[in-house]
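Here the structure is laid out as C-alpha cells; the discussion comes afterwards.
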Amino acid sequence: MTTLTEIMSDHHAWCDARIHEIASDVDRSAWADARTHASMARHALEWHIGAEETTLFPAFETATGNPRGPTEVMRHEHERIRALFAACDAAIEQRRAPAATEAIARLKELLNQHNLKEERILYPWCEQALGERVDSVVTELEARIREVSPGTID
C-alpha cells in the first residue's frame, strides 16, 4: 500500500507542476491558459489543504493529544498560501505580468518550504501516530486525489 507520505508528496508534486505551468503561461502572456491552470491548481490546493485540515490534522491531533504544535503552524501557512494564490489570481485576471510573476515566485517559495516540512516531518509523524488507522486515511485520500488531480496516482 502507498504510504501517507508518498501519496501526499506525489500530490504536492502534481500541484507544483500546475504552478510551473501558470508561470510559463504568464511568461508567454497566455492569459487564458494561465486562468485555466490557475483554476486547476487552486482547486487541487484547496482540496489538499482541506483534506489536511478536516481529515489528517484532526486525526493526528486526536492520536497525539496535541491540538497545537505542528498542525497549528501548517494551518497558518495554509492561510498564507491562500492569500498568495488570491494575489496571483488577481494579477492574472488583470493581465499584470510583473505582479503575477512576483506572486507566483512567492507562492513557489512558500510551497517549497511548506511541503518539505510536511514531507520530511509531519507526514512521517502522522504515519507513526496514527498506527493502523493510517491505512484508512490513505485509502480515503487516494480516492479523492484521483477525482481532484487526474493522473496523480497510477
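Under my numbering, the first residue of the sequence shown carries the number 2, and numbering increases by one thereafter. Cβ coordinates follow ideal geometry from the N, Cα and C atoms, glycine included. In this text, all values refer to a predicted model and were calculated from it rather than measured experimentally.
Supposed close pair residue i, residue j - CB separation, criterion 8 Å
{"i": "H13", "j": "N116", "result": "4 Å"}
{"i": "C16", "j": "A42", "result": "6 Å"}
Residues near residue i by beta carbon distance below 8 Å, same chain, minus five either side
{"i": "L111", "result": "E78, R81, I82 and L85"}
{"i": "P125", "result": "T6"}
Nonlocal neighbours in the same chain, by C-beta distance under 7 Å from residue i, ignoring five residues either side
{"i": "V138", "result": "L5, T56, L57, A60 and L131"}
{"i": "T72", "result": "F58, F61 and E62"}
Pairwise C-alpha distance: residue j and residue i
{"i": "L108", "j": "R19", "result": "12 Å"}
{"i": "E148", "j": "R69", "result": "31 Å"}
{"i": "E47", "j": "E54", "result": "10 Å"}
Any chain D beta carbon closer than 8 Å to residue i
{"i": "S25", "result": "Given the protein chain composition of this structure (a single chain), no chain D is represented."}
For residue i, the three-state DSSP class (helix, strand or coil)
{"i": "N67", "result": "coil"}
{"i": "S10", "result": "helix"}
{"i": "Q95", "result": "coil"}
{"i": "S137", "result": "helix"}
Outcome for residue i when other beta-carbon atoms lying within 10 angstroms are tallied against a minimum of 16
{"i": "D26", "result": "buried"}
{"i": "A87", "result": "exposed"}
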